[in-house]
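A.B. asks:
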Amino acid sequence: MTTTYSGPAKLTLIDGACISGMASLSTNQRGGINGWGGTFRPDEITTDLRNAGEGLQLELPYDRVGTVAVTGIRKLLATQILMSLTGHGPVPF
0 MTTTYSGPAK LTLIDGACIS GMASLSTNQR GGINGWGGTF RPDEITTDLR NAGEGLQLEL
60 PYDRVGTVAV TGIRKLLATQ ILMSLTGHGP VPF
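For the sequence shown, numbering that gives the first Met the number 0 gives the first residue as 0, with consecutive numbering after it.
#1: Rounded to whole angstroms, what is the Cα-Cα separation between A99 and G20?
#2: For a test of the three-state rule: what should DSSP assign to L57, helix, strand or coil?
#3: Output needed for G86: all residues of its chain with C-beta closer than 6 Å, excluding positions within five of it in sequence on either side, in chain order.
#4: Please name the residue in R63, E43 and L55 whose C-alpha comes closest to that of D14.
#5: Check each candidate in T38, A22, M82 and L12 and name the one with the smallest Cα separation from P60.
#6: What three-state label does DSSP hand L76 in the structure shown?
#7: Determine the direct distance from the alpha carbon of L12 to that of D46, and round the result to whole angstroms.
#8: Is A77 buried or exposed, if buried means 16 or more other CB atoms sit within 10 Å of its CB?
#9: Go ahead and label L24 buried or exposed: buried means 16 or more other beta carbons lie within 10 angstroms of its beta carbon, across all protein chains shown.
Structure follows, in structure tokens:
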């Protein structure tokens, strides 16, 4: 069974900076491996955000938090990027 979340989220970087944006997440069960991940579209783009990697926190509404790693970044428009995320640990949605 796949569970999904699509809506507002905050990505907390290693230095504690919080970036608001929109997340689209889902669980995936493949070959007995349970995991979750998806994408995050930040409202603002910073150098620290572009260099983000492991150990980030993704906060969803109602204080639900998950640990994520950035697995890719692609440019959508001149002022927007889409970050691919892989979740670690319990699913926050």
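Cβ coordinates follow ideal geometry from the N, Cα and C atoms, glycine included. Owing to the predicted nature of the structure, the values given are computational and were not obtained by experimental measurement.
C.D. replies: In brief:
#1: Nothing about residue 99 can be reported from this structure: the residues present for the chain run from 0 to 92 only.
#2: strand
#3: W35, G36, G65 and V67
#4: L55
#5: A22
#6: strand
#7: At residue 46 the sequence reads Thr, which differs from the Asp that was named. Near 11 Å, if we compare the C-alpha coordinates of L12 and T46.
#8: exposed
#9: buried
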